[in-house]
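Asker: Got a structure for you, questions after.
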Amino acid sequence: MAQNVIINGVTYSNCPEVDIPKSGGGTAKFMDTSDANAQQGEILNGKTAYVNGSKVTGNIQSKAAATYTPSNSSQTIAASQYLSGAQTIEAVVCTNLSAGNILSGVTVKIGTATDDDSVASVTGNLAMPSISQDGTTKVLSIS
4 MAQNVIINGV TYSNCPEVDI PKSGGGTAKF MDTSDANAQQ GEILNGKTAY
54 VNGSKVTGNI QSKAAATYTP SNSSQTIAAS QYLSGAQTIE AVVCTNLSAG
104 NILSGVTVKI GTATDDDSVA SVTGNLAMPS ISQDGTTKVL SIS
C-alpha cells in the first residue's frame, strides 16, 4: 500500500517504498507490510519473510523425490509439505492373468488408476478356483 512520504519538507505521493543510502554502503529499505498475511506454515522451512513489520521464519517441510510401489496397504503423502522432487507411483503390472488362472465364467476387468474404464478383460475357464493376492493386480470388477 503506497504512502505519502515527507523528506526535508517535500511530500512524495503514493510511494510504495523508500530506499535511503547508508553511510557504510547499501540502503535501508522502508515499506508498508501491513497488507501481508503469510503464516509460518505457508513459508518453506528456514526461509524468512516480513509480515506486518515482523520477520517470520517458515516451517513447511520439503519432501524430496520418492517412489511409491503399489502394495496391499494404502500409502499417504502427508499434508502440509512442499514437494521438492518428483513423486513417482510405479505402474501396476498384471502377471499370470490368463483364462486358465480364473474361475470358469468369471470375467476380470483391469483398468487404469485414474478411472474405472476397462482397458483389458479376461474371462476364466478354470474349473477349481485358487485365489491369491500378491499386490500386483488392481481388480476393478468380477462378474
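With my numbering, letter number 22 in the sequence shown gets 25, and the count goes up by one each step, no holes.
Just so it is clear, CB atoms sit at the ideal spot from N, CA and C, and this is done for glycine as well.
Bear in mind that the values here come from a model prediction, so they are computed numbers and not experimental data.
From the DSSP output, which residues share a beta bridge with V96?
Answerer: In DSSP, V96 forms no bridge with anything.
Asker: Nearest to T91 by CA position, among V59, T36, N40 and T72, is which residue?
Answerer: Checked all of V59, T36, N40 and T72; the closest Cα to T91 is T72.
Asker: Distance, Cα to Cα, N17 vs E93?
Answerer: Each residue's Cα considered, the two are about 55 angstroms apart.
Asker: Can you check whether the CB of S37 is closer than 9 angstroms to the CB of N11?
Answerer: Against a cut-off of 9 angstroms, the Cβ pair of S37 and N11 comes out as no contact.
Asker: Is it a yes or a no for the segment 62–70 touching the segment 44–52, going by three-plus beta-carbon pairs under 8 angstroms?
Answerer: They touch, by the three-pair rule.
Asker: How long is the line joining the alpha carbons of A82 and V109, rounded to whole angstroms?
Answerer: Approximately 40 angstroms, taken between the alpha carbons.
Asker: Give the C-beta separation of V8 and V21 to the nearest angstrom, bearing in mind that I take them to be a contact with Cβ-Cβ under 8 angstroms.
Answerer: At roughly 6 angstroms, the Cβ-Cβ gap stays under 8 angstroms, so V8 and V21 are in contact.
Asker: Given that a residue counts as buried once 16 or more other Cβ atoms are within 10 Å of its Cβ, and exposed if not, what is V111?
Answerer: V111 is buried by the Cβ-count criterion.
Asker: Based on Cα-Cα distance, which residue from S26, P19 and N40 lies nearest to E34?
Answerer: The amino acid at residue 34 is misidentified as Glu; the sequence shows Met. When only C-alpha atoms are compared, the closest one is P19.
Asker: Taking V96 as the reference, give the member of S74, Y85 and T79 with the closest Cα.
Answerer: The option with the nearest alpha carbon to V96 is S74.
Asker: Taking a contact to mean a Cβ-Cβ separation below 9 angstroms, would you say K58 touches I80 in this structure?
Answerer: In this structure, I80 does not lie closer than 9 angstroms to K58 by Cβ.
Asker: For A68 versus A89, is the C-beta spacing smaller than 9 angstroms?
Answerer: Against a cut-off of 9 angstroms, the Cβ pair of A89 and A68 comes out as a contact.
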